[in-house]
Amino acid sequence: FGWSRAGTATIVSVSGIIYGISAPIAGTLFDRFGPRKTFPVAALLIGIGALGTSQAQEIWQFYLFFGVIVALGLALIGFSPIVALASNWFVKWRATAVGLSTAGIQGAILLAPLVQLLISNLGWRNAFLVLAGIVPASIVPLSQLLRNRPQDMRLTLDGLDGDQDKEATALNREDSLIIDKEWATTDWTLSRALRTYRFWAIFGIMLGLSTAFNILFTHQVAFMVDIGFTATFAASLFVIFAVMSMIGRFGGLLSDRLGRELTYTIGSLGIVLSILMLILAKDTSDAWMLYVYVICFGLFAGSNAPTYAAATADLFHGRHFGSILGSADTGWGIGATLGPWLGGYIFDTTGSYTTAFIAAIIAISFAGASFWVASPGRVRRVAGRVR
Numbered sequence: 001f002g003w004s005r006a007g008t009a010t011i012v013s014v015s016g017i018i019y020g021i022s023a024p025i026a027g028t029l030f031d032r033f034g035p036r037k038t039f040p041v042a043a044l045l046i047g048i049g050a051l052g053t054s055q056a057q058e059i060w061q062f063y064l065f066f067g068v069i070v071a072l073g074l075a076l077i078g079f080s081p082i083v084a085l086a087s088n089w090f091v092k093w094r095a096t097a098v099g100l101s102t103a104g105i106q107g108a109i110l111l112a113p114l115v116q117l118l119i120s121n122l123g124w125r126n127a128f129l130v131l132a133g134i135v136p137a138s139i140v141p142l143s144q145l146l147r148n149r150p151q152d153m154r155l156t157l158d159g160l161d162g163d164q165d166k167e168a169t170a171l172n173r174e175d176s177l178i179i180d181k182e183w184a185t186t187d188w189t190l191s192r193a194l195r196t197y198r199f200w201a202i203f204g205i206m207l208g209l210s211t212a213f214n215i216l217f218t219h220q221v222a223f224m225v226d227i228g229f230t231a232t233f234a235a236s237l238f239v240i241f242a243v244m245s246m247i248g249r250f251g252g253l254l255s256d257r258l259g260r261e262l263t264y265t266i267g268s269l270g271i272v273l274s275i276l277m278l279i280l281a282k283d284t285s286d287a288w289m290l291y292v293y294v295i296c297f298g299l300f301a302g303s304n305a306p307t308y309a310a311a312t313a314d315l316f317h318g319r320h321f322g323s324i325l326g327s328a329d330t331g332w333g334i335g336a337t338l339g340p341w342l343g344g345y346i347f348d349t350t351g352s353y354t355t356a357f358i359a360a361i362i363a364i365s366f367a368g369a370s371f372w373v374a375s376p377g378r379v380r381r382v383a384g385r386v387r
């Protein structure tokens, strides 16, 4: 369309705004209706948005169908609802469960070559038409297999049979993890959570991560093309990232053994080092640096995701956890709005992505500091730390 890079990224920014606004509502709806009702609605919204995008002729139509309607659907079935669902079922190995259940989100990136194949053979409009059919056709029936809480299947936390002895065992196990009993036994509502510094620390984690990730995801392909790589090569790295991120989700197991703060700090340092490799790449002779970047970035980002999600559940899990997590997820929406625009603005101003990627490092560091402020380890110990 002949837009500037900052202007092109604005569509993604609009999507981030809508996601951020709707995430608290999506969490509240999940708490009330569960996945069997909210996930089909999400799938239909994504399908309608993809259908409308396929027929768009004017720029405002892209904003409406892709930037608004698809974003609403993603909020209803995105990271926060899935984390809330997994957290309802598991305590002892919460981060492990969250990591495995959210691995599919990154796995979707593996479909990128298929989408590119559809675009190459059918054109982007027909590719969106195909997606408009596939998403509802797959998600709607699968969502009916889900249950919101173990009690719905006469089970207890961690999948134990729902008899009284095993229920008591589950409760005793949960009690053994608690350090700050007053905090852990509070019936957390959204209004109560909003009045705590720990909620805003979680918000800061999501804001920092999202800003950094969206700077990178939106602009790394253009950066690689600028230094001599083909767009196909640059796009193929997303597949490597997705695979490594899925593997990294097993970092949830590490989080359940070593503790949230230590695991998250290791992951943050790994992400920073990977971004430095991206910055150091100058031409096609540095392809190995890009492979190191995408492998390490995928592994450590994948590890951190279940860690901060489980930390949020450690702090605020309860009947209203979906609305609390969804509200904190507004930080992710703000970052998704800020990151693409900021990266494009810095490039348009300086003619280089170096400063933009340094800004991503600063955002990652901010998220890491926020994690220590949240200090989930002062409320609950992880299963691996129980003697």
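This note's numbering numbers the first residue of the sequence shown as 1 and each following residue consecutively.
The beta carbon of each residue, even a glycine, is placed where N, CA and C say it ideally should be.
None of the values given here were measured: they were computed from a predicted structure.
When DSSP reads this structure, Ile-178 sits in a beta bridge with Arg-380.
The C-alpha of Gly-16 lies about 22 Å from the C-alpha of Thr-355. Contact between the segment 88–98 and the segment 305–314 is present: 3 or more CB-CB pairs across the two stretches fall below 8 Å.
The count of Cβ pairs closer than 8 Å, one atom from the segment 201–219 and one from the segment 343–362, reaches three, so the stretches are in contact.
Out of Ala-184, Asn-126, Met-246, the CA that lies nearest to the CA of Thr-53 is found in Asn-126. Boundaries of the alpha helix (DSSP H) harbouring Gly-270: 260–280, taken from the DSSP string. A residue is called buried once 16 or more other Cβ atoms fall within 10 Å of its Cβ, and Thr-232, having fewer, is exposed.
With contacts defined as CB atoms closer than 9 Å, Ala-71 and Val-14 qualify as a contacting pair. Ala-242 is positioned such that its CB atom lies no closer than 9 Å to that of Ile-364. Between the C-alpha atoms of Val-373 and Gly-133 there is a straight-line separation of about 44 Å. Check the Cα spacing between Asp-152 and each of Trp-89, Gly-204, Leu-258: the tightest is with Trp-89. Contact annotation, Arg-260 with Val-382: C-beta distance approximately 7 Å; criterion of less than 8 Å satisfied. The beta carbons of Gly-208 and Arg-249 sit no closer together than 9 Å. Under the three-state reduction of DSSP output, Trp-89 falls in the helix class. Taking a 10 Å sphere around the C-beta of Asn-214, we find 16 or more other C-beta atoms and assign the residue as buried.
Gln-55 sits in coil when the DSSP states are folded into three classes, being neither helix nor strand.
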